[in-house]
Amino acid sequence: MSPQILVDGLIAGSMIGLGAIGVTLTYSILRFANFAHGDYLAWGAYFALALSGALGSLAGGALAAPIGPFSFGWSLPLAALAATALTAGLALLVDALLFGPLRRRGSSVIILVMASFGAALTLRSLLEFTFTSKPFYYTGELQIAVRFAGMRATPDQLLSLAVALVLVILVHLLLTRTAIGREMRAVAENPGLAGVAGVDVRRVVRTVWALGAVLACMAGVMAGLLIQIRPQMGLDLLLPLFAAAILGGIGSVPGAMLAGLIVGVGEAATVAVVGAQWRAAVAFVILVAILLLRPQGLFGRSDG
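Written out as structure tokens, the structure reads:
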């Protein structure tokens, strides 16, 4: 495998890994696969796009001027921070209107999964209705790739990889070194027992929705910065997200990130060897293989 394929795969995999963390946390605590998670990613990208444009206009273009070697100005980082709050609010709203009432009624897992399908279709349609299906870009600036050790990457790509790794470390510390993190792990192990022990399960559920949405938003901003922004971008990334979440082991944050990098490298190698039309098959093959050979994933625990 050439070094360039490895770099391209790690950059793409960092976006997949961030989104997969939200999937694995939601599944481990709420016990169902949320197929609307990819659309939170798309909504986060569009929130940042709208806010970045508004900030750039209000500041007379001063905030839109590129920062150093990067293609974007201060308007995008500021917009991304605000977009994380909006995306978290969207996830909490969907939970309050849809998933929360279903949980209180004791609905089965399949009902929750089908409800998430409906939520995904609704969110995607609203995006297309609001912004149309035309692709957008955060910036039109061109970048010169940095060359090192026979590899090349743009400053935006290197920054995205660094941001993803920092976020993974912060989430891992949140889960292992804070009270809310311990409560989240307790609810993941046994929600009923955690509630009896005094854990506010509802607060934990809200925290998981918000945290997963924040990470999805950042993954969406990264995808929009490096590729393009489209209403279908969340759907395109959905299968890789689930493949990474299952490969890493449900509930494992480092596992989801590592698995995302593996999926990304696999996609990059496939594009280089057999063509871009086979990219989507990589996540499917990985998903089937891990379900057959090691269902608990790389860092998951076997029920047996």
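Mapping to numbering that gives the first Met the number 0: the sequence shown position 141 is 140, numbers consecutive. Positions of the beta carbon are idealized from the N, C-alpha and C atoms, including for glycine.
- Spatial neighbours of LEU141 in its own chain (CB-CB distance under 8 Å, excluding positions within 5 residues in sequence) are listed in chain order as SER70.
- In the structure shown, ARG184 adopts helical secondary structure according to DSSP, grouped into three states.
- Annotated as proximal: THR86 and VAL213, with beta-carbon spacing under 8 Å.
- The beta-bridge partner set that DSSP reports for ARG205 is empty.
- Judged by DSSP secondary structure, ALA152 falls within the beta strand (DSSP E) whose first and last residues are 150 to 152.
- If you compare the alpha carbons of ALA41, THR269, ILE285, VAL220 with that of THR129, the shortest gap goes to ALA41.
- When the Cα atoms are used, VAL93 and ALA243 turn out to be separated by approximately 24 Å.
- In this structure, GLU266 and GLY8 form a Cβ contact; the two beta carbons are roughly 7 Å apart against a cut-off of 8 Å.
- Contact between the region 75 to 85 and the region 8 to 25 is absent, with fewer than three C-beta pairs closer than 8 Å.
- Of the other Cβ atoms in all chains shown, fewer than 16 fall within 10 Å of the Cβ of ILE109; this residue is therefore exposed.
- Judged by DSSP in its simplified three-state form, ARG123 adopts helix.
- For VAL170, the secondary structure class from DSSP, reduced to helix, strand or coil, is helix.
- Between ILE285 and VAL264, the C-beta spacing is not below 8 Å.
- For HIS36 and GLY233, the gap between their C-alpha atoms comes out near 8 Å.
- Burial is judged here by how many other beta carbons sit within 10 angstroms of a residue's own beta carbon; SER159 has at least 16 and is buried.
- If you draw a straight line from the Cα of VAL6 to the Cα of ALA161, it comes to about 13 Å.
- For PHE147, the beta-bridge partners assigned by DSSP are MET150.
- Taken through DSSP and simplified to helix, strand or coil, PHE135 comes out as strand.
- By the C-beta density criterion, GLN156 is buried, having at least 16 other C-beta atoms within 10 angstroms.
- Judged by pairs of C-beta atoms under 8 Å, the region 206 to 221 does not touch the region 105 to 125, as fewer than three such pairs exist.
- Taking 8 Å as the cut-off, the Cβ atoms of SER51 and TYR136 do not count as close.
- Between the alpha carbons of GLY16 and LEU48 lies a distance of about 22 Å.
- Residue pairing from DSSP leaves ILE179 without any beta-bridge partner.
- Residue pairing by DSSP places ILE228 opposite PHE135 in a beta bridge.
- Remark: C-beta atoms of LEU54 and SER74 approach each other more closely than 8 Å.
- MET256 has its alpha-carbon roughly 15 Å from the corresponding atom of LEU237.
- ILE4 carries a helical assignment under DSSP once its states are collapsed to helix, strand and coil.
- A direct Cα-Cα distance of roughly 28 Å separates ARG184 from ALA288.
- A residue is called buried when at least 16 other Cβ atoms come within 10 angstroms of its Cβ; GLY219 meets this threshold and is buried.
- The beta carbon of SER115 lies closer than 6 Å to those of ASN33, PHE34, ALA35 in the same chain, with the five residues before and after it left out.
- The beta-carbon distance between LEU62 and VAL207, rounded to whole angstroms, is 33 Å. This is too long to meet the 8 Å contact definition.
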